[in-house]
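Asker: Residue numbers (this note's numbering): -4 to 239.
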């Protein structure tokens, strides 16, 4: 039985041009660059907590996805609803605009084709799409989201039953995922070959490497001798990194 509790999840997105995507996540979504380390860039909020990663991988090693991407949508929840209005006041292109109980929400498509939903609702089902764009008032002092977290990762998978069985092995993991049945040549391609979701980092409290490894059995791909983390590969060939 696994005793590890999930504290947060942070997806890693492979990108062709990191700078272009970095600008999108900063200006359109209000995220803050926390660290640039080689090809990897971490994004977060004013709490300086890593929430999402971009990993640049040029075209000689990686290519555009053929057919549907593994990542259908990232649902990101913002603590302060007012900050979403301040982002919308910047006038950047968004694909869909919503109104909920707590305020506004929007969907936007990144330069790499990753769909992001930014909202502040307890239940996204409360969102209603609206056509008319209000006159949002800007806040010149606002630069970065105070706090946000990745609430859900929507994945396209060829076999929902198989993927569900995998995620249910670690209690609580399934709550962070929505699965959509889909067909496509790259949905189960070897990890890292396309510009898509390639890894999800999961923070566990407490973290006991042996317990995590026992949950996934032979699906574990690596555990270092010091057991600081556990790597697991799911049926979609996405890597899951579990650590404290």
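Note that the Cβ used here is the ideal one computed from N, Cα and C, for glycine as well.
DSSP three-state call for residue 39: helix, strand or coil?
Answerer: As a position in the chain shown, residue 39 is number 44, starting the count at 1. Correct three-state label for residue 39: strand.
Asker: Any idea if residue 125 is buried or exposed, counting beta-carbon neighbours within 10 angstroms, 16 or more meaning buried?
Answerer: Here the question's residue 125 lines up with position 130 in the chain shown. With fewer than 16 Cβ atoms within 10 Å of its Cβ, residue 125 is classed as exposed.
Asker: Looking only at its chain, what residues have a beta carbon closer than 6 Å to the beta carbon of residue 142, apart from the 5 residues adjacent to it on each side?
Answerer: Counting from one through the chain shown, the residue named residue 142 turns up at place 147. Excluding positions up to five away in sequence, the list reads 40, 42 and 74.
Asker: What is the rounded straight-line gap between the Cα of residue 30 and the Cα of residue 196?
Answerer: The residue you call residue 30 lines up with position 35 of the chain shown. The residue you call residue 196 lines up with position 201 of the chain shown. The straight-line gap from Cα to Cα measures roughly 16 Å.
Asker: Do the CB positions of residue 148 and residue 114 come within less than 9 Å of each other?
Answerer: Your numbering for residue 148 matches position 153 in the chain shown. Your numbering for residue 114 matches position 119 in the chain shown. In this structure, residue 114 does not lie closer than 9 Å to residue 148 by Cβ.
Asker: So who's on the other strand from residue 91, going by DSSP bridges?
Answerer: Locating residue 91 in the chain shown gives position 96, counting from the first residue. Paired residues: 102.
Asker: Is the number of C-beta pairs between the region 157 to 172 and the region 51 to 61 that are closer than 8 Å three or more?
Answerer: Contact fails: fewer than three Cβ-Cβ distances are below 8 Å.
Asker: Quick one, which of 93, 96 and 83 has its alpha-carbon nearest residue 133's?
Answerer: Counted from its first residue, the chain shown places residue 133 at position 138. Checked all of 93, 96 and 83; the closest Cα to residue 133 is 83.
Asker: Kindly indicate the opening and closing residues of the alpha helix (DSSP H) around residue 159.
Answerer: If you number the chain shown from 1, residue 159 lands on position 164. Here the alpha helix (DSSP H) through residue 159 covers 155 to 162.
Asker: Can you tell me where the alpha helix (DSSP H) holding residue 79 begins and where it ends?
Answerer: The residue you call residue 79 lines up with position 84 of the chain shown. 77 to 83 is the span of the alpha helix (DSSP H), which, as asked, contains residue 79.
Asker: Three or more beta-carbon pairs under 8 Å between the region 5 to 13 and the region 167 to 174, yes or no?
Answerer: Not touching, per the Cβ criterion.
Asker: When you compare the CB positions of residue 63 and residue 192, do they come within less than 9 Å of one another, or not?
Answerer: Taking the chain shown and counting its residues from 1, the one referred to as residue 63 is at position 68. Taking the chain shown and counting its residues from 1, the one referred to as residue 192 is at position 197. No.
Asker: What do you reckon, are the CB atoms on residue 76 and residue 108 nearer than 9 Å?
Answerer: Along the chain shown, read from residue 1 onward, the residue named residue 76 stands at position 81. Along the chain shown, read from residue 1 onward, the residue named residue 108 stands at position 113. Taking 9 Å as the Cβ cut-off, residue 76 and residue 108 do not qualify as a contacting pair.
Asker: For residue 237 and residue 139, what's the separation of their Cα atoms in angstroms?
Answerer: On the chain shown, position 242 is the one that residue 237 refers to. On the chain shown, position 144 is the one that residue 139 refers to. Rounded to the nearest angstrom, the two C-alpha atoms are 28 Å apart.
Asker: Which same chain residues, not among the five before or five after residue 106, have their C-beta less than 6 Å away from its C-beta?
Answerer: Locating residue 106 in the chain shown gives position 111, where the first residue counts as 1. So the list reads 15, 16 and 19, once near-sequence residues are dropped.
Asker: Terminal residues of the continuous beta strand (DSSP E) containing residue 124?
Answerer: Along the chain shown, read from residue 1 onward, the residue named residue 124 stands at position 129. Residue 124 -> beta strand (DSSP E) spans 123 to 125.
Asker: What first and last residue would you give for the beta strand (DSSP E) that runs through residue 206?
Answerer: By 1-based counting over the chain shown, the position of residue 206 is 211. Residue 206 -> not in any beta strand (DSSP E); alpha helix (DSSP H) instead, spanning 204 to 211.
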